[in-house]
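Residue numbers (the numbering used here): 1 to 115.
Ideal Cβ positions, reconstructed from N, Cα and C, are used throughout, including at glycine.
Quick caveat: nothing in here was measured; it's all calculated off a predicted structure.
A short worksheet on the structure shown next.
So, in structure tokens, the structure goes:
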């Protein structure tokens with residue numbers, strides 16, 4: 001009988017904790033109970049993003065999670081009245097205990113600039 005072992009030490013070594021803070025772009029106040037969706041890039045042509053989790057922001061407008069720092073991620077927030085914000089980070093750009101701040105603009109407050 002042969003026993004095959006999977007070495008996940010590199011996955012654990014690359015695992016980091018990040019905090020996402022969602023704030024209102026106008027008031028700079030935290031957005032409570034907004035949904036934060038995390039998507040990870042999968043290589044191919046074209047590149048596609050696969051949802052890997054959803055989190056609700058707490059009373060401070062934050063969500064904390066663990067990810068692999070060697071992957072590319074897209075972070076999107078959705079809140080009441082179709083308020084939306086997003087950010088994206090490439091492979092190796094995120095550091096352990098990093099805080100990502102996502103500014104959310106309420107659609108009623110968006111200004112369209114026509115030149």
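Every beta strand (DSSP E) stretch that sits fully inside the segment 39-113 and reaches 3 residues is listed by chain position as 48-56, 62-68, 73-78, 84-89 and 98-104. Residue range 15-24 is occupied by the beta strand (DSSP E) that includes residue 20. In this structure, residue 61 and residue 38 do not form a Cβ contact; the two beta carbons are roughly 16 Å apart against a cut-off of 8 Å. Beta-bridge pairing by DSSP links residue 37 to 54 and 76.
Comparing C-alpha distances from residue 16 to each of 103, 71 and 86 shows the shortest one belongs to 71. As the crow flies, the alpha-carbon of residue 14 is around 36 Å from that of residue 26.
A distance below 6 Å between beta-carbons, with the five flanking residues on each side excluded, links residue 105 to the following residues of its chain, in chain order: 25. In this structure, residue 18 keeps its C-beta atom at 8 Å or more from the C-beta atom of residue 102.
Measuring C-alpha to C-alpha distances from residue 66 to each of 76, 59 and 55 identifies 55 as the nearest.
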